[in-house]
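Participant: As they're listed, the protein sequences go chains A and B. Take the first sequence: its position 182, counting from 1, is numbered 182 in UniProt numbering, and each next residue is one higher. Take the second sequence: its position 57, counting from 1, is numbered 57 in UniProt numbering, and each next residue is one higher. All C-beta atoms in this analysis are idealised placements derived from N, C-alpha and C, irrespective of residue type, glycine included. Please read through the structure below; I'll follow up with questions.
Number of protein chains: 2
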Amino acid sequence: MPSPRMSKPNWRLKSIVTLALTLLTSSQSILIVWSKRGGKYEYSVTTANFLVEALKCALSLAALSRIWQNEGVTEDNRLSTTFDEVKVYPIPALLYLIKNLLQYYIFQYVDAPAYQILKNLNIISTGVLYRIILKRKLSEIQWAAFVLLCAGCTTAQLNPSSDHVLQTPFQGWLMAIVMALLSGFAGVYTEAIIKKRPSRNINVQNFWLYVFGMVFNLIAMCVQDFDAVMNKGFFYGYSFITLCMILNHALSGIAVSMVMKYADNIVKVYSTSVAMLLTAVVSVFLFQFNLSLAFFLGSTVVSVSVYLHSVGKPQK
Amino acid sequence: MPSPRMSKPNWRLKSIVTLALTLLTSSQSILIVWSKRGGKYEYSVTTANFLVEALKCALSLAALSRIWQNEGVTEDNRLSTTFDEVKVYPIPALLYLIKNLLQYYIFQYVDAPAYQILKNLNIISTGVLYRIILKRKLSEIQWAAFVLLCAGCTTAQLNPSSDHVLQTPFQGWLMAIVMALLSGFAGVYTEAIIKKRPSRNINVQNFWLYVFGMVFNLIAMCVQDFDAVMNKGFFYGYSFITLCMILNHALSGIAVSMVMKYADNIVKVYSTSVAMLLTAVVSVFLFQFNLSLAFFLGSTVVSVSVYLHSVGKPQK
């Protein structure tokens, strides 16, 4: 719904990038299910992550070269930058790296299904950090909607064995909370970086974000998979579906940046939550999944939350 | 929260009767669990239902006789009535009777746990009939809150076997919906009767409601348990806890009437839903029940729903 102060083209852009993120995220999960059906991951995940960042860089450069051709090089779309502008760009990539490293340790305390449930803490941490760091206001009804989003997403993922998440040991809870904070902080910080220079071309901002992403993922690859890559080769175990997943991740990553530029972290969280529900519904047709009663109830709560978020805009 | 047009004593009365209904309803469920622990029901349920109605009648008369002593007999508190006033009073009792008879048949299609889940349709039917019959308005946010109340209550009651409710045959769904409509209609109709004459003393209105309740329950007793009562006696199988339950049901029934008089059906639904959650929490301490993750999520959704209902009052 357009807010009165938002111009029409900006509102259209916001809708398009939000829709793109939703569709890309849902197809992402479907690709993961599809690839898992063929057996375990054969390829090394760190090489794929590195390729995702490299592809995002390449796509940003391609977009920029078209813009340079059409509009010429300006102050806002030139690639060169100052240390003052670029110094903050490594931070989100670094935060994600730390989070991914923690991910290896949390599985000592919780199993994968419990981790899926705990990941919904991201929703709360994003909301809280969005308020504290970006100092943006949500109305009381939007806060209520955000709590519902978290409860609804968790409900939709409930299964008969979910209750054992309540037996998660203290260290598991602590790590889950730290990971949620890291992930929320990385998202909110990225938004702060991108929005700090509103006139700066998003492709330049993306380029610098992704360059540091490449660097950190290269480090992770060397630390974790150096031997495997050296012995078996970089592309060992790659298949057509691996390439689809890399392309999808790259496009989703760009969509996330766009949402940060033209919308915000709250829209991103809603978008990925709705994608989670879409994935489940599509999986019913693709993989003969059964939808549970909990899924229906959770989806209802998420839908009401989306509605409340849009009607509950703070009074200007 | 007091609405500006509501006077302060009325708001206090509304809060007191709502609190009373919540506490009585939660202790009701606890008494049921307690009585079940001692084995199956030994007494005939129809005799107990009849006694509940009789006790409510007696309590209404007792309250009236005090009022007559203090204020004298007036137009508003006299027991005698016109056919025009009294002709509608049998209708709620008749509707409840039909609903209770249907209850015997629905168990051919659904089992008891699935029936517990389906009973939450009452929430929706009450809301819809409240809107259609009483023509009272809920704001859009209050409607959203009402959907959440239904989803939250159902979520809180989920257990690993709940999914089979989705396999309920068509006849089961149909009967569940009809029962929800009957129960919702009886509630809304009672409110309409009681509110039609706002100055009429509530104890007189209750007396007439309960007289017809006695009559219909007497019929049900004769139809279903005539032989048992004749052979074993009216009070066969009664225990101290049976008497507690009868007293509790009678007081809850009076509290429901009071809520209809000073508040409305929506408040009643919220009150009994919150009571359901209270019961579960109290049962943890009394009977070492375990709370499930679904219970926490459902309670969160119900709490947000209560909050939204109160902040979402229609603009006057």
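Is Pro90/B close to chain A? Criterion is C-beta to C-beta, closer than 9 Å.
Facilitator: no
Participant: Shortest alpha-carbon distance to Ile132/A belongs to which of Phe185/A, Ile219/A and Ala93/A?
Facilitator: Phe185/A
Participant: Round the Cβ separation of Ala250/B and Leu55/B to the nearest angstrom and send it over; I've been treating them as touching at under 8 Å.
Facilitator: 4 Å
Participant: Using CA atoms only, rank isn't needed, just tell me which of Val259/B, Pro92/B and Gln205/B is closest to Ala20/B.
Facilitator: Minimum Cα distance to Ala20/B is reached at Val259/B.
Participant: Can you check the region 150-226 of chain A for any beta strand (DSSP E) of at least 3 residues that lies completely inside it and give the ranges in chain order?
Facilitator: none
Participant: Here's the rule: buried if 16 or more other CB atoms are within 10 angstroms of the residue's CB, otherwise exposed. What is Cys222/A?
Facilitator: exposed
Participant: Against chain A, does Val284/B count as a neighbour if the rule is that its beta carbon must be under 9 Å from one of theirs?
Facilitator: no
Participant: Could you tell me whether the Cβ of Gly312/A comes closer than 9 Å to any Cβ of chain B?
Facilitator: yes
Participant: Please decide whether Tyr43/B counts as near chain A, where near means a Cβ-Cβ distance under 9 Å.
Facilitator: no
Participant: Cβ of Pro113/B less than 9 Å from any chain A Cβ?
Facilitator: no
Participant: Taking 9 Å as the CB-CB limit, is Gly127/A close to chain B?
Facilitator: No, Gly127/A does not count as interfacial toward chain B.
Participant: When we look at the beta-carbon of Arg200/A and count the other beta-carbons within 10 Å, is it buried (16 or more) or exposed?
Facilitator: Buried, because 16 or more other Cβ atoms sit within 10 Å of the Cβ of Arg200/A.
Participant: Does Gly172/B get closer than 9 Å to chain A when you measure Cβ to Cβ?
Facilitator: Taking CB atoms only, Gly172/B has no neighbour in chain A less than 9 Å away.
Participant: Leaving aside the five residues before and after Trp34/A along the sequence, list all residues of the same chain whose C-beta is less than 7 Å from its C-beta, in chain order.
Facilitator: Ile241
Participant: Could you check which residue in Val88/B, Ala48/B and Thr25/B has the C-alpha nearest to that of Ser239/B?
Facilitator: Ala48/B
Participant: Tell me whether Pro92/B sits in a helix, a strand or coil according to DSSP, three-state version.
Facilitator: helix
Participant: Would the C-beta of Gly312/A count as close to the ligand FMN, meaning under 8 Å from any of its heavy atoms?
Facilitator: What this structure holds is no ligand at all, so the ligand FMN is not there to describe.
Participant: Is Met276/B helix, strand or coil by DSSP?
Facilitator: helix
Participant: For Pro198/A, count neighbouring Cβ atoms within 10 angstroms of its own Cβ and tell me buried if that reaches 16, exposed if not.
Facilitator: Flag for Pro198/A reads exposed.
Participant: Quick one: is Ser292/A near chain B, going by C-beta distance under 9 Å?
Facilitator: yes
Participant: Helix or strand or just coil, what does DSSP make of Phe240/B?
Facilitator: helix
Participant: Where does Ser29/A sit, in a helix, a strand or coil, going by DSSP?
Facilitator: helix
Participant: Measure from the C-beta of Asp84/B to each C-beta in chain A and report whether the shortest distance is under 9 Å.
Facilitator: no
Participant: Please check if any C-beta of chain B sits within less than 9 Å of the C-beta of Val301/A.
Facilitator: yes
Participant: Within 9 Å (strictly less), CB to CB, does Gln315/A reach chain B?
Facilitator: no
Participant: Would you mind giving the Cβ-Cβ distance between Pro169/A and Tyr109/A, rounded to the nearest angstrom? I have them listed as a contact below 8 Å.
Facilitator: Pro169/A to Tyr109/A, Cβ: 5 Å. Contact.
Participant: Would you identify the three-state DSSP class for Lys313/A, choosing helix, strand or coil?
Facilitator: In this structure, Lys313/A counts as coil in the three-state DSSP scheme.
Participant: Ordered along the chain, which non-local residues of its own chain (more than five positions away) have a Cβ less than 6 Å from that of Gln171/A?
Facilitator: Tyr109
Participant: Using 10 angstroms around the beta-carbon of Asn206/B, count the other beta-carbons present and answer buried if the total reaches 16, otherwise exposed.
Facilitator: Burial call: buried.
Participant: Counting pairs of Cβ atoms below 8 Å between the region 294-311 of chain A and the region 135-147 of chain A, do you hit three or more?
Facilitator: As far as the Cβ criterion goes, the region 294-311 of chain A touches the region 135-147 of chain A, which means the pair count is three or higher.
Participant: I'd like to check one pair, Gln142/A with Lys313/A: are the Cβ atoms closer than 9 Å?
Facilitator: Yes, the Cβ-Cβ distance between Lys313/A and Gln142/A is below 9 Å.
Participant: Output needed for Lys14/A: all residues of its chain with C-beta closer than 7 Å, excluding positions within five of it in sequence on either side, in chain order.
Facilitator: Tyr262 and Ala263
Participant: Could you tell me the boundaries of the alpha helix (DSSP H) in which Gly72/A lies?
Facilitator: First-last for Gly72/A: undefined, no H or E at that position.
Participant: Does any CB atom of chain B fall closer than 9 Å to the CB of Thr242/A?
Facilitator: no
Participant: So Leu118/A is in the alpha helix (DSSP H); what residue range does that whole segment cover?
Facilitator: Residue range Ala112 to Leu118 is occupied by the alpha helix (DSSP H) that includes Leu118/A.
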